[in-house]
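Let me begin by presenting the structure, written as structure tokens, before commenting on it.
There are 4 protein chains.
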Amino acid sequence: MIIELKSTITAENAENLAIESKAFHIKYNDKRYLIAGSGVKEVPANLIDFAHNHWVFSNDLQLASSKFLPTKREVKIGNVTIGGDTKNTVIIGGPCSVESEEQIVTSAKFIKSLGLNLLRGGCYKPRTSPYSFQGLGLDGLKLLAKMRDDYGLTVITEARDATHIQEIIEYSDVIQVGAKAMYDQGILRACAKTQKPVLIKRGFGTTLQEFVQAAEFVLAGGNPNVILCERGIRTFETGTRFTLDLCGVSWLKEHTNLPIILDPSHAMGYAYGVADLARACVAMGIDGLLIEAHPDPSVAKSDASQQLNHDQFETLISSLKPVASSVGYNII
Amino acid sequence: MIIELKSTITAENAENLAIESKAFHIKYNDKRYLIAGSGVKEVPANLIDFAHNHWVFSNDLQLASSKFLPTKREVKIGNVTIGGDTKNTVIIGGPCSVESEEQIVTSAKFIKSLGLNLLRGGCYKPRTSPYSFQGLGLDGLKLLAKMRDDYGLTVITEARDATHIQEIIEYSDVIQVGAKAMYDQGILRACAKTQKPVLIKRGFGTTLQEFVQAAEFVLAGGNPNVILCERGIRTFETGTRFTLDLCGVSWLKEHTNLPIILDPSHAMGYAYGVADLARACVAMGIDGLLIEAHPDPSVAKSDASQQLNHDQFETLISSLKPVASSVGYNII
Amino acid sequence: MIIELKSTITAENAENLAIESKAFHIKYNDKRYLIAGSGVKEVPANLIDFAHNHWVFSNDLQLASSKFLPTKREVKIGNVTIGGDTKNTVIIGGPCSVESEEQIVTSAKFIKSLGLNLLRGGCYKPRTSPYSFQGLGLDGLKLLAKMRDDYGLTVITEARDATHIQEIIEYSDVIQVGAKAMYDQGILRACAKTQKPVLIKRGFGTTLQEFVQAAEFVLAGGNPNVILCERGIRTFETGTRFTLDLCGVSWLKEHTNLPIILDPSHAMGYAYGVADLARACVAMGIDGLLIEAHPDPSVAKSDASQQLNHDQFETLISSLKPVASSVGYNII
Amino acid sequence: MIIELKSTITAENAENLAIESKAFHIKYNDKRYLIAGSGVKEVPANLIDFAHNHWVFSNDLQLASSKFLPTKREVKIGNVTIGGDTKNTVIIGGPCSVESEEQIVTSAKFIKSLGLNLLRGGCYKPRTSPYSFQGLGLDGLKLLAKMRDDYGLTVITEARDATHIQEIIEYSDVIQVGAKAMYDQGILRACAKTQKPVLIKRGFGTTLQEFVQAAEFVLAGGNPNVILCERGIRTFETGTRFTLDLCGVSWLKEHTNLPIILDPSHAMGYAYGVADLARACVAMGIDGLLIEAHPDPSVAKSDASQQLNHDQFETLISSLKPVASSVGYNII
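Residue numbers (our numbering), protein chains in the order written: chain V, 166 to 497; chain W, 166 to 497; chain B, 166 to 497; chain D, 166 to 497.
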């Protein structure tokens, strides 16, 4: 249940009521709310006098629900805004991993040259095997920050586990919570305490309901700037790396109020399918696209098979514009 | 292995060689071929003198493989053609089931009024429960045939099992092999003996490899007019009815030479997501779209929740044209 | 809804009531029942005077439901009986395919020598690829029938599609409906018209609910002798061929009244795991086990990797007896 | 590749060689090994003089592989030992969550009264929703430690994320890495630096290969005491909570050298199936069983539906002994 408190209630009052009721207290758009679990079906007696409005839910998809906020939330990412009425589809490009200064500078210049704004690059790689490249860590974060300073790009990188989440929050403009880390409460609770945008990737074995519940951890903890990212689920089909769940995207658009970004690169796992899938995603009317591109994919230290080279990436971006336009959206 | 026979070999010779070698014999584009399984890696001694060319395969995706025919096959459906260089995306519309003359006449007039050419409607419903509506059977087939005669539409309906496949072949312009029937060799072998187009739906538990192997049954048996239809696979996600596998569509486009039609209605299972998904499908550059529409979905005898009403369908078709155009395709 | 008719109602009366009510009419244990879909929640007005008892259901699992018959049904297979209070775990052994008279005679003698009663062997193979061995067909059926006559064994073989179901019903003692054919209404309706036992295998993409609904087709059509067979479902895990669903077996034991046989060979796909899995199955207290064994698996024409040789099979059967005994069951 | 170093190599030498070769260095059973990724197929030139023996692998399952150590590893858990030649099946019982001193004392006394040795109880619950009970945290850990001191039990509890892994290592006798945390390198690296046994649960969307690779993180980091726990994977079947993958257990027994414990409670999700499944698990010849039991499941703060009450648990344990005995194992 979400209870909107009367406008006369102070922050301190609200916090005390929250503690008393074992509820979360958040402020959103100048209004204060208490949020309890979906088990609570009636306004508790001790809160009746303070409640201005309330919403009852059948499950724990609450703050993210389109029943609570029927219009999509707006989230500002660096100089651009997505969601709300913006009709913007933002492109996040760059390599799977930050591998060297030369590689990331080449990538940054390239993204900039296409008139795009967001640069991605992994620093702490959530590799399945201990014998694979694990990322440059803090050195990678510093390189990304340098790209922001030198090229005016907004940078985004991924937290692998809770041990380095504070570094990520410090250096990155957008905090990416990876598919393997999205149940990690150490990460989610830290993300709730910043106001930086948080992009949560769906786990490959995660239901839509659980996926949005991960967002609820961040929203209920006080950070309204949450973006969902669908990147493919694991199914019986192994001809492709994962299965991009666009039916799920329709579900998210219907049932939630959060901006949605799609990652066709990881879903497909092979460069040959990325362009077709990217166009399919854009035609759905989405808030953004995450596409891996590497100056030379053949030498990439991770996900070599799915990264586009720069020519392929540039051709793809050109082809996306008329598709976006055909559904009333803008590629930015 | 596929062996192209020398042009001097007669039909009778070829048939004898096929029997001798336990291989299939087909004629395609005025050439004769023998097809053995992928286990055969070298031209057998008894065939060397007759072979003009040959292809070796690592699996039993052979006649459907883009390694055998690198360009997409063209298939004629009534008055329209898909595949090849046509850049046509054909729309197949109509109700889930043929329920009555009034319902199917309304549907036929509607499809015609939009300038579309293909009318679908189930007559033998592959229902999971014996207690559900099972379709009008032969009466339904006759109604469909009447729509062809009265409105000049091309009609398509589904075979549920081998007991009525001859009726379907007689009355329907396109033979649809349903998701639950696509392993049915009684159906596939009958489809191989006609030259009518055969649309094979992917089983919801079927790998891409197995899906194309079902097409091989029809191709190797002598009917080159095969169309693949992706309609969603069964995954752990139950928020939507199935999961439309567009990564799989990329795989099919890369690895096969068959036209591909998509069915977002069955995949989604809910009308609210069908339009977004249909636009996504069209943006991939596909050969057709199968969309369920009913004059009044609320009283439909099957799949009530996923069928569009006629207003929704008309709006959808209008919105598909600019999307198709943005990727160089035409909605027909 | 299931309605038990008063004992005074004749067969003819019952049939007329069924037609009038668009319901199924069956006789079971000397009582007559009408069965309508789960949508019917109250005894219809025209049937009130004839109803002795009735059961309401929330889904179309009705005749198979433990809510209708709380005790497990007994099914006679040749000379042995399973289900009910018998505590029998019957072993069905034999090769994947009948390949030759020599091979099936060797198999029959072997099964007999172990004191077992049931011989399996495929004649119409539901192969995924047209280029694989498709079975001996009617010749295979005749060989199986000869084994019954010569060795007193009960034989079981599989229907691939509806075109040869009458042959199977004529020659085989138990009709096996394969995993790829279990939605085939041509087969299911034919099985409903015989009184021979029908063993229905779960499709690898089939939910438990749908699986039991296939059994409802046979039960509602008049044949009470239905056995369920779990043989592994398709999941993201490809280290093994399928995933044997023993949680599903617990569900079936709780929610249905049908005997349950397990097939660890197809689930595992590799001989090395079959014995451990077979012991696990038996420890659940089940009605039977289907194990593939071949005189020489290395030359088997289908499923070579998962068939046990005769030594392995004999060792396995010996090891199953104490396990069955530890849970109060008998291997027969 | 794993390289066994000559016995004359000192710890310091080995460490230097490891750094020089970007490899891991471990000591196991008085021998020193260097471990590089599976990409390395030949002993590098700089190591040839120091190599006594070596193993080449086709994937990154190396230290855990039965190709490296063909016999199962032995792991000591408190006073008991599993794996190796022990033929012990250890029972780990107790509530899903530690909820109060009274509840855990009742549980501890109960486990003790049955002659069992291991008590489980969650303190940091990896709940999907922020609105559910999150566990008692450090207070819970202290209660568990008290149970060890007061009743001589070995205690096991789960790390949810890396923020509290040091507390878990300090208070718990066995470190459980939960299904949602098994990719968490913050946790895995910490586990590698202790010598306490680490029980890694398979993620519900995790392949067998990835599952064992998580174990490789701990093994390669220096802790040989790793136990695998299969607890059900997520499939399309939703009639049960998850699908217990016993085919996967056969695969693990064949391909790895690690002890294996099974958790039928989480897999099934319903108390009614737990006993049958537990007997199935034991009949496979496994190293342990994890069963949730609660003094009063109806008031449990988490997983209420799947926990057994104490009577059910006691009956189950009695029934497991003859099953274990029938396959040559002992319940301890």
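Think of the CB as a built atom: it goes at the ideal place given N, C-alpha and C, for glycine as much as any other residue.
As the structure is a computational prediction, the values presented were derived from the model and not from experiment.
is_contact[residue i, chain B] using C-beta, thresh 7 Å
{"i": "A445/D", "result": "yes"}
{"i": "L230/W", "result": "Before going further, note that residue 230/W is Ser rather than Leu in the sequence given. Not closer than 7 Å to any Cβ of chain B, the Cβ of S230/W fails to qualify, so no."}
Residue i at chain W interface by Cβ criterion, 7 Å
{"i": "Q341/B", "result": "no"}
{"i": "D250/B", "result": "no"}
{"i": "R367/D", "result": "no"}
{"i": "Q502/B", "result": "Because chain B in this structure spans residues 166 to 497, residue 502/B falls outside the shown range and cannot be described."}
{"i": "A327/B", "result": "yes"}
{"i": "L281/V", "result": "no"}
{"i": "G438/V", "result": "yes"}
{"i": "T173/V", "result": "no"}
Assumed close pair residue i, residue j - CB separation to whole angstroms, cut-off 8 Å
{"i": "L283/V", "j": "V255/V", "result": "6 Å"}
{"i": "A458/V", "j": "L473/V", "result": "5 Å"}
{"i": "A344/D", "j": "I352/D", "result": "About 12 Å separates the two Cβ atoms, so there is no contact after all."}
{"i": "V498/D", "j": "V342/D", "result": "Beyond the ends of chain D as shown, which are 166 and 497, falls residue 498/D; an answer cannot be given."}
{"i": "S272/V", "j": "P429/V", "result": "With a Cβ gap of about 19 Å, S272/V and P429/V do not count as contacting."}
{"i": "I426/B", "j": "G453/B", "result": "4 Å"}
{"i": "V245/B", "j": "I497/B", "result": "6 Å"}
{"i": "L182/D", "j": "I200/D", "result": "That belief does not hold up - the Cβ atoms of L182/D and I200/D are roughly 12 Å apart, past 8 Å."}
Per-residue burial, residue i [other beta carbons within 10 Å of its own, 16 or more giving buried]
{"i": "E323/B", "result": "buried"}
{"i": "D441/W", "result": "buried"}
{"i": "A210/V", "result": "exposed"}
{"i": "G119/V", "result": "The displayed coordinates of chain V run from 166 to 497. Any statement about residue 119/V would go beyond what the structure contains."}
{"i": "T175/W", "result": "exposed"}
{"i": "D476/D", "result": "exposed"}
{"i": "Q331/V", "result": "exposed"}
{"i": "D314/D", "result": "exposed"}
{"i": "G287/D", "result": "buried"}
Short CB-CB distance (under 7 Å) between residue i and chain D
{"i": "E419/B", "result": "yes"}
{"i": "G370/V", "result": "yes"}
{"i": "M433/B", "result": "yes"}
{"i": "L427/B", "result": "no"}
{"i": "C412/B", "result": "yes"}
Coil, strand or helix - residue i by DSSP
{"i": "C412/V", "result": "helix"}
{"i": "T254/V", "result": "strand"}
{"i": "Y296/W", "result": "coil"}
{"i": "V339/V", "result": "strand"}
{"i": "T400/W", "result": "coil"}
{"i": "S470/D", "result": "coil"}
{"i": "G305/W", "result": "helix"}
Proximity test, Cβ basis, 7 Å: residue i and chain V
{"i": "T403/B", "result": "yes"}
{"i": "S265/D", "result": "no"}
{"i": "S415/W", "result": "yes"}
{"i": "D225/W", "result": "no"}
{"i": "D349/D", "result": "yes"}
{"i": "T293/D", "result": "yes"}
{"i": "Y296/D", "result": "yes"}
{"i": "K290/D", "result": "no"}
Under 7 Å from the C-beta of residue i: neighbouring residues of chain E
{"i": "T254/V", "result": "Given the protein chain composition of this structure (V, W, B and D), no chain E is represented."}
Q. What residues from the segment 471–490 of chain D come within 8 Å of chain B, judged by C-beta to C-beta, listed N to C?
A. Cβ contacts with chain B come from S484, P487, V488, S490.
Margin query: To be precise: take each residue of the segment 372–401 of chain D, compare its Cβ to all Cβ atoms of chain B, and keep it if any distance is under 8 Å. Which residues remain?
Written below: Those residues of the segment 372–401 of chain D that come within reach of chain B (Cβ to Cβ, closer than 8 Å) are T372, L373, Q374, G397, I398, T400, F401.
*What residues from the segment 198–220 of chain D come within 7 Å of chain V, judged by C-beta to C-beta, listed N to C?*
Answer in chain order: A201, G202, S203.
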